[in-house]
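Notes follow once the structure below has been shown.
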Amino acid sequence: MRNVERYPVEGPNALWQVYRTVSRFKAVRNFIFIQLARYCPILPIKNMIYRRVLGMKVGQHTAFALMVMVDVFFPERIEVGDNTIIGYNTTILTHEYLIREYRLGDVKIGANVMIGANTTILPGVTIGDHAVVAAGSVVYKDVPAHAFVGGNPMREIGNGSSSADHN
């Protein structure tokens, strides 16, 4: 379903053990820069923060709308292709801390992709080139190139190439 690495934990739930997997300094630094990027209206500055400070791979002319929340612990595991739009208040996660384990997975979003507002993208997901994800969707599995998907649970709605390529 998703390409994630699983790490079992003993003792209290995995979230109580988060600083065994990521340093406090990295978490605080990332949080500060992510908050700056979330509110920044200037796309080149926002992309510079994502690339240079957070280590994300962000393509040319990619646009992150206001309030996009990228993973605070492992943003370097996010890759976004050229000319892609990530809609308002979308969340991109590369980690899951559960009761008895935590999971990590890369998120790869292709080129010329449109992600609607308020979407949640879970760890280990790949979204193919020219795909369209409807607003409010939960992307819990891979999305093929040119697909049009949406909903919770996410399902294929149709072929997205005609609407994404002509607008």
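Residue numbers (full-length UniProt numbering): 1 to 167.
Built from N, CA and C at the ideal position, the CB exists for glycine as well.
Between residue 27 and residue 73 a beta carbon distance of about 6 Å is seen, short of the 8 Å cut, so the two are scored as contacting. Within the model, the alpha-carbon separation for residue 63 versus residue 130 is close to 15 Å. Residue state for residue 45 is assigned as helix, using DSSP reduced to three classes. Listed in chain order, the non-local C-beta contacts of residue 6 below 6 Å within the same chain comprise 101 and 103, local neighbours out to five positions each way being set aside.
In the three-state reduction of the DSSP assignment, residue 26 falls in the helix class, which pools H, G and I.
Look at residue 15 here: in three-state DSSP terms it is helix. Cβ-Cβ distances below 8 Å link residue 57 to 51, 78, 79 and 80 in the same chain, with the five nearest sequence neighbours on each side left out; the list follows chain order. At a Cβ-Cβ threshold of 7 Å, residue 121 and residue 92 count as neighbours. DSSP lists 91 as the bridge partner or partners of residue 69. Out of 40, 55, 47 and 54, the CA that lies nearest to the CA of residue 67 is found in 40. Residue 3 places its beta carbon 7 Å or farther from that of residue 110.
Contact between residue 105 and residue 94 holds, since their C-beta atoms are separated by about 6 Å, short of 8 Å.
DSSP places residue 9 in the coil class of the three-state scheme, outside both helix and strand.
Your pair residue 76 and residue 55 checks out as a contact, with CB atoms roughly 4 Å apart and the cut at 8 Å.
Within its own chain, the residues whose Cβ lies closer than 7 Å to the Cβ of residue 43, once the five positions on either side in sequence are excluded, are 63, listed in chain order. Straight-line measurement puts the Cα of residue 153 at about 33 Å from the Cα of residue 48. Listed as beta-bridge partners of residue 121 by DSSP are 92 and 139.
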